[in-house]
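K.L.:
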Amino acid sequence: MNYQSEDLKNALAAEYVLGTLRGPARQRFQKLMMQFPLISDATQTWEQHLNGLGQKIPPVTPDIVVWQRIEDQLGFVAQPTKTNVVAITKSKPRIWQSIAGLASAAAIVLAVLLFSFQPPLQPEVQQLALMSNEQADLLWALEIGADTISVQATKKLIAKSDADYELWIVAVDGRPPISLGLLPKVGKLVLSKPQLFDQIEIAALAVSLEPLGGSPNGSPTTVLYTSELVIL
Amino acid sequence: MEHEQHLALLGASAQGDKQAFSKLYHATSKQLYAVCLKMLSSKELAEEALQEAYVRIWHNASEYRTGKGTVLTWMVSIVRYRALDILRYHKIRKEDELVENESFDLDTSEKISDSEQLLLDKCLQQLDLQQRQAIYLAYFNGCSHQEVVKHLNNPLGTIKSWIRRGLMSLQSCLTP
Numbered sequence: 142m143n144y145q146s147e148d149l150k151n152a153l154a155a156e157y158v159l160g161t162l163r164g165p166a167r168q169r170f171q172k173l174m175m176q177f178p179l180i181s182d183a184t185q186t187w188e189q190h191l192n193g194l195g196q197k198i199p200p201v202t203p204d205i206v207v208w209q210r211i212e213d214q215l216g217f218v219a220q221p222t223k224t225n226v227v228a229i230t231k232s233k234p235r236i237w238q239s240i241a242g243l244a245s246a247a248a249i250v251l252a253v254l255l256f257s258f259q260p261p262l263q264p265e266v267q268q269l270a271l272m273s274n275e276q277a278d279l280l281w282a283l284e285i286g287a288d289t290i291s292v293q294a295t296k297k298l299i300a301k302s303d304a305d306y307e308l309w310i311v312a313v314d315g316r317p318p319i320s321l322g323l324l325p326k327v328g329k330l331v332l333s334k335p336q337l338f339d340q341i342e343i344a345a346l347a348v349s350l351e352p353l354g355g356s357p358n359g360s361p362t363t364v365l366y367t368s369e370l371v372i373l
Numbered sequence: 002m003e004h005e006q007h008l009a010l011l012g013a014s015a016q017g018d019k020q021a022f023s024k025l026y027h028a029t030s031k032q033l034y035a036v037c038l039k040m041l042s043s044k045e046l047a048e049e050a051l052q053e054a055y056v057r058i059w060h061n062a063s064e065y066r067t068g069k070g071t072v073l074t075w076m077v078s079i080v081r082y083r084a085l086d087i088l089r090y091h092k093i094r095k096e097d098e099l100v101e102n103e104s105f106d107l108d109t110s111e112k113i114s115d116s117e118q119l120l121l122d123k124c125l126q127q128l129d130l131q132q133r134q135a136i137y138l139a140y141f142n143g144c145s146h147q148e149v150v151k152h153l154n155n156p157l158g159t160i161k162s163w164i165r166r167g168l169m170s171l172q173s174c175l176t177p
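This is the structure in structure tokens:
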């Protein structure tokens, strides 16, 4: 059958969008859309034609739980931007504390391993932070020196190409997180260390997921990982 | 106006802006929910369809193309496909619970400024009543050909032909 014939293509696309193309025919059509751009074009045209109809039904407000479930499913809830700053204003935010608690236990183990198996750190390294994911894979190792923060991305890091990762100071005093710059996706990068770093009490360092180029508004978009500092 | 707002929010969502996505949800979910509730006739299943649709919209926000309908039309497509999948998965029969006449209390009061909607209204009115009824049953209620047969008490061949001819008339009316 010549699926590219104009009329057939059109008729199938129309009934696919309408929903009357069912069963195996529907599945075959979905494969055809992938194979033939003209067929998927025709389908999109029919979506445009018919789905204006959907706007003719009087709107119905869904239950509030639906949005909560969507937020849960997309992982918005664990690190909501809105409550981020608020949470930190409390003296010991629970969320940071619990994550940081786990992370610090892992950090100490990893720090020991790192020191046992790697060449000695440069003498000026004062503090260490290790950013790990939920599976405890080490993604970035950070060495904090007198004036610099040297960051090494590990092979475990599978970086998104359409996003950047930004490093933040989370201060104990509850001020908004302070950006330290973008993290490397591969290899090593040396960031400059602001003077403030030694002047405030730091609860943790945090990594956020950001659009390319970093946070658009100066505060973390999606906090992914945190780590307490290990003082050497 | 509405489309431009949706487009800005969708664009920001594609960049990972959760607040924009929340605004987009709150601006559009009433319409999408109405669509899937009508098709699925079940609060639980409609909520499932709505949730899956918005998760998909978040992940595929960058795939929307201007020129292929408004953002809302694109989103309605997504939620309808989810609802059709759920209809099929749960093997829901749309035979008993439907109202027998063409009682679609269509909302024509609002959005009248939208030229696409105006044209669609005009073209729908040009269809034969039977063609329009058959298309409405399939579109709004998610009826299969067989289910439309039960509602309109005509043979399968006739129903298929009404739908096919109705769709083709609609297309020639809608295509510039």
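Chains as they are written, first to last, in this note's numbering: chain A, 142 to 373; chain Z, 2 to 177. Built from N, CA and C at the ideal position, the CB exists for glycine as well. Given the structure is predicted, the values throughout are model-derived calculations rather than measurements.
By how many angstroms is the C-alpha of A:P165 removed from the C-alpha of Z:R166?
P.N.:
23 angstroms
K.L.:
State the Cα-Cα distance for the pair Z:S173 and A:L179, rounded to the nearest angstrom.
P.N.:
Straight-line Cα distance between these residues: approximately 18 angstroms.
K.L.:
Determine, using beta carbons only, whether Z:A9 comes closer than 8 angstroms to chain A.
P.N.:
no
K.L.:
Who does A:Q268 pair with in a DSSP beta bridge?
P.N.:
A:I285 and A:I372
K.L.:
Find the nearest neighbour of A:V364 within the set A:L337, A:Q340 and A:I319, judged by alpha-carbon distance.
P.N.:
Among A:L337, A:Q340 and A:I319, the Cα nearest to that of A:V364 belongs to A:I319.
K.L.:
Take the Cβ of A:A347 as the centre, count every other Cβ of all protein chains shown within 10 Å, and call the residue buried at 16 or more, exposed below.
P.N.:
If you draw a 10 Å sphere on the C-beta of A:A347, you find 16 or more other C-beta atoms in it, and that means buried.
K.L.:
Please report the distance separating the alpha-carbon of A:V266 from that of A:K301.
P.N.:
29 angstroms
K.L.:
What are the residues in the stretch 183 to 213 of chain A lying within 7 angstroms of chain Z by C-beta distance?
P.N.:
Q185, E188, Q189, H190, L191, N192, G193, L194, G195, Q196, K197, I198, P199, P200, V201, T202, P203, D204, V207, W208, R210 and I211
K.L.:
Would you mind sorting A:D95 into buried or exposed? The rule is 16 or more other CB atoms within 10 Å of its CB.
P.N.:
An answer regarding residue 95 of chain A cannot be provided, because it is not within the stretch 142 to 373 covered by chain A.
K.L.:
Should Z:A139 be flagged as near chain A, meaning a C-beta pair shorter than 8 angstroms?
P.N.:
True, the Cβ-Cβ gap to chain A drops below 8 angstroms.
K.L.:
Quick one: Cα of Z:A15 to Cα of Z:S78, how far?
P.N.:
Rounded to the nearest angstrom, the two C-alpha atoms are 18 angstroms apart.
K.L.:
If we define contact as Cβ-Cβ less than 8 angstroms, is Z:S42 a contact residue for chain A?
P.N.:
no
K.L.:
Would you say Z:G17 reaches chain A, if we count a Cβ-Cβ gap shorter than 8 angstroms as a contact?
P.N.:
yes
K.L.:
Would you list the residues sitting across from Z:I164 in a DSSP beta bridge?
P.N.:
In the DSSP output, where bridge partners are listed per residue, Z:I164 has none listed.
K.L.:
Below 8 angstroms between beta carbons: does that hold for Z:L41 and Z:A84?
P.N.:
yes
K.L.:
Taking the alpha-carbon of Z:Y140 as reference, which of Z:K44, Z:L8, Z:V80 and Z:D18 has the nearest alpha-carbon?
P.N.:
Checking every option, the nearest Cα to that of Z:Y140 belongs to Z:V80.
K.L.:
I'd like to know if Z:S145 contacts chain A, where contact means its C-beta is closer than 8 angstroms to some C-beta of that chain.
P.N.:
Cβ-Cβ to chain A under 8 angstroms: yes for Z:S145.
K.L.:
How many Å lie between A:A344 and A:Q276 at the Cα?
P.N.:
22 angstroms
K.L.:
Can you list, in chain order, the residues of its chain with a C-beta nearer than 6 angstroms to that of A:L332? Leave out the 5 residues immediately preceding and following it.
P.N.:
I290, L321 and G322
K.L.:
Mind pulling the chain A residues with CB within less than 9 angstroms of Z:E185?
P.N.:
In the structure as shown, chain Z begins at 2 and stops at 177. Residue 185 of chain Z is therefore absent and cannot be evaluated.
K.L.:
Would you say Z:Q127 lies against chain A (beta-carbon separation less than 8 angstroms)?
P.N.:
no
K.L.:
If contacts are defined as beta-carbon pairs under 8 angstroms, then A:L350 and A:Y306 qualify, I think. What distance do you get, rounded to the angstrom?
P.N.:
6 angstroms
K.L.:
Going by the DSSP bridge assignment, what does A:A304 pair with across the sheet?
P.N.:
According to DSSP, A:A304 bridges with A:P352.
K.L.:
Given the structure, does Z:A13 come close to the ligand GDP, in the sense that its CB is under 7 angstroms from one of the ligand's heavy atoms?
P.N.:
Among the components of this structure there are no ligands whatsoever, and the ligand GDP is therefore not found.
K.L.:
Z:H7 and Z:V72: beta carbons closer than 8 angstroms?
P.N.:
In contact: Z:H7 and Z:V72 (Cβ atoms closer than 8 angstroms).
K.L.:
Is there a Cβ from chain Z that is less than 8 angstroms from the Cβ of A:R169?
P.N.:
Output row for A:R169: interface = no.
K.L.:
Decide if Z:E64 is buried, meaning its Cβ has at least 16 other Cβ atoms within 10 Å, or exposed.
P.N.:
exposed
K.L.:
Could you say which of A:D182, A:G195 and A:A304 lies nearest to Z:A35 if we only look at CA atoms?
P.N.:
A:G195
K.L.:
Decide if A:G354 is buried, meaning its Cβ has at least 16 other Cβ atoms within 10 Å, or exposed.
P.N.:
A:G354 is exposed by the Cβ-count criterion.
K.L.:
Rounded to whole angstroms, what's the CA-CA distance from A:I205 to Z:K151? Just pull it up for me.
P.N.:
36 angstroms
K.L.:
So which residues of chain A does Z:T74 contact, with C-beta pairs closer than 8 angstroms?
P.N.:
E188, Q189, N192, G193, G195 and Q196
K.L.:
Give every residue of the same chain whose Cβ lies closer than 7 angstroms to the Cβ of A:P325, excluding the five residues on either side of it in the sequence, and list them in chain order.
P.N.:
Here the set comprises V292 and A294.
K.L.:
Report yes if the C-beta distance between Z:E49 and Z:I93 is below 8 angstroms; otherwise report no.
P.N.:
no
K.L.:
If I measure Cβ to Cβ from A:L153 and keep anything under 7 angstroms in the same chain, skipping five residues before and after, which residues do I get?
P.N.:
Excluding sequence neighbours, A:L153 sits near L162 and F170.
K.L.:
I'd like to know if Z:G70 contacts chain A, where contact means its C-beta is closer than 8 angstroms to some C-beta of that chain.
P.N.:
yes
K.L.:
In three-state terms, what does DSSP make of Z:S63?
P.N.:
helix
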